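Basically this note's numbering = 1-based index in the sequence shown + 4. Glycine residues also receive a C-beta, built at the ideal position from the N, C-alpha and C atoms. These numbers come from a predicted model, not from an experiment.
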Amino acid sequence: MNDTWGTITVVSGSLFVLLAGITALIYWFLQSKMGAQFSSAEQHAQRIIEEANKEAENIRKAAELAAKEEIFQRTKQFEKESQRRRAESERAENRLRNKERTLDQKLDQGERRDKQIAEKERHIDAKLASIEKREAETARIEEQIRRKAEQISGCTEEEAKRFLIESMENEVRQEAAVIIRRVEKETRESAARKARQIITLAIQKCATEQTTESSMSVLSLPSDEMKGRIIGREGRNIRALEAATGVNLIVDDTPEAIVLSCFDPMRREIARLSLEKLLADGRIHPARIEEVVKKTERELLEHLRQEGERVAFSLGVHDLHPELVKLLGRLKFRTSYGQNILMHAQEVAILSGIMAAELGADTPLAKRAGLLHDIGKALSHEVDGTHALIGADLCRKYGESAPVVHAVAAHHNEEDARTIAAVLVQTADTVSSVRPGARRESIESYVKRLEKLEEIATSFKGVEKSYALQAGREIRIMVEPDAVSDSDAVVLARDVTKRIEKEVEYPGQIKVTVLREKRIVEYAK
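Here you go:
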């Protein structure tokens, strides 16, 4: 074992010596290689340093050249700026010198002007003193003249001024009165001409129907045998029909006809329609008569409502309250002096709308007010009061606007007309009432009305003569000029108008004209 261990030791030592030799050899190799590289690096570094020194020298030289160029340019610019400033300074000095010369000249001129002004002031003072002396002399002479004028005229200066002012005022008043009368006359003529044109145009555009008022209707029968059936046993059928309708049935010798007599056209129409239905049915007895009459009343009321809607639609008047539509339809069976009220209302609406369009006013409002202006006549026999005020209350009750209510209330002057629509409705109502064929009255009542107008006019003091003209539409009154003055004539016309309104019933309006003529005759010999 010791030999083995010794052998191992010897081997180990040999290996160590071998490794040490290898290590030394490697170290020598590396050392020799690194030394060569180190000398090469030193040479390379030396070359870099030399190139850097050369480049730095070149840069330094270029910087010196650039600095010298910059200094040269700035020096050149500074010299130019200095020259420009010197030139500006010279120009400013020249301007200052010129201004000084100008100021010196102006000062010289101001001094010369001051001397001239002072001279003129002395001259003006002398003239003022002379003028004051002349004014004092003039005032003294005027005082002397005034005193002499007062002595000659016998009145003072104040009295003369007052007299002159009064005479001038009177002259101006007369000239103003002449101008006012001329302008008023021209305005009236122009307004009257324009109004006639508008009314004529409205009448020409309005096509109307004519109707006549009657209290009787004639019902044709298929044969005379039907008269017996209508009369019934012991007259019970005819009595039942008269009791149910309120109409008198006149059965006379007229062949194949029965006359229905009643002042109410609506009741007369109900009776006529009921008889036609009974004749067509053939069953005529009291119970059947009452049934047919009630049914006819309902149908007629519905027909009237439809008629009111038709008229309103044809005129373009919409949104009427249903009750107003019904009342409008009832006007179909109302007449005034022979004129059908529904036709009259339709005609007034058309005329009002046409005139409103010509004047540039509210056409729909004028049409609406014209259509409803006589709506109160549908209830005037049931409610106390004038139909205008009744109609206004109805329109107000059923939601019509204030202008419509006012136009309805004012169309017969129960209220003063304050709107264009109210005046147009008044005018259209008059035109529709007085046009030829619109209304009629008996000759007896016509003559009585004319006589009443002349009687009222002649009953006043100072009236010489009076004449009713234009079918009673105008009353012309001649007065005694010595008994009635111009102002009295105005009062007389107003009094006659008020009395006519109070005592005479008439459609439309009546014109009252008072004529006062004074003639003075002298003869030159």
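DSSP places ARG338 in the coil class of the three-state scheme, outside both helix and strand.
With contacts defined by Cβ atoms closer than 8 angstroms, HIS410 and THR431 do not form a contacting pair.
Here the alpha carbons of LEU279 and ARG240 stand approximately 15 angstroms from one another.
A Cβ-Cβ distance of about 4 angstroms is found for the pair LEU335 and ILE345, placing them in contact under the 8 angstroms criterion.
DSSP places VAL297 outside any beta strand (DSSP E); the residue lies instead in the alpha helix (DSSP H), whose first and last residues are 290 to 319. Secondary structure of LEU324 (DSSP, three-state): coil.
With contacts defined by Cβ atoms closer than 8 angstroms, LEU355 and SER436 form a contacting pair.
Leaving aside the five residues that flank LEU473 on each side, the residues in its chain whose CB is nearer than 8 angstroms to its CB run, in chain order, ILE479, ARG480. The continuous alpha helix (DSSP H) containing ARG503 extends over residues 490 to 507. A buried status is given to THR300, since no fewer than 16 other beta-carbon atoms sit within 10 Å of its beta-carbon.
As DSSP reads the structure, ALA472 sits in a beta bridge with ILE479. Between the C-alpha atoms of GLN120 and GLU139 there is a straight-line separation of about 28 angstroms. For THR431, DSSP records no beta bridge to any residue.
Buried is the label assigned to HIS348, since at least 16 other Cβ atoms lie within 10 Å of its Cβ.
Secondary structure of THR517 (DSSP, three-state): strand.
In the DSSP assignment, ALA261 falls within the beta strand (DSSP E) that extends over 261 to 265. Distance check between ALA425 and each of GLU59, ARG292, GLN47, ASP366 places ASP366 closest, using alpha-carbon atoms only. Comparing alpha carbon positions, the residue from ARG400, ALA382, GLU404, ASP397 closest to ARG372 is GLU404. Partner residues in the beta bridge of VAL222, as assigned by DSSP, are VAL263.
In this model, GLY466 and LEU324 are separated by some 54 angstroms (Cα to Cα). With a beta-carbon spacing of about 16 angstroms, LEU398 and GLY374 fall beyond the 8 angstroms limit used to define contacts.
With respect to ARG276, LEU225 sits apart: the two C-beta atoms are not nearer than 8 angstroms. The C-beta distance from LEU428 to MET359 rounds to 5 angstroms, short enough to meet the 8 angstroms contact threshold. Taking C-beta atoms as the reference points, ARG338 and ALA382 count as a pair closer than 8 angstroms. For ILE524, the secondary structure class from DSSP, reduced to helix, strand or coil, is coil.
GLU260 is not a Cβ neighbour of ASN252, given a cutoff of 8 angstroms. The shortest C-alpha to C-alpha distance from VAL263 to any of ILE234, GLU238, ALA284, HIS289 is the one to ILE234. In the three-state reduction of the DSSP assignment, ASN344 falls in the strand class.
When the Cα atoms are used, LYS298 and GLY364 turn out to be separated by approximately 49 angstroms. Taken atom to atom, the span from the alpha-carbon of PHE464 to that of ARG520 is near 14 angstroms.
Around ALA413, the same chain offers ALA392, LEU393, ALA396, GLU419 as residues with beta carbons nearer than 7 angstroms, after the five sequence neighbours per side are excluded. Contact annotation, VAL352 with HIS377: C-beta distance approximately 6 angstroms; criterion of less than 8 angstroms satisfied. Around the beta-carbon of VAL315, 16 or more other beta-carbon atoms lie within 10 Å, marking it buried. Relative to HIS416, the option among LYS456, GLY389, ALA406 whose CA is nearest is GLY389.
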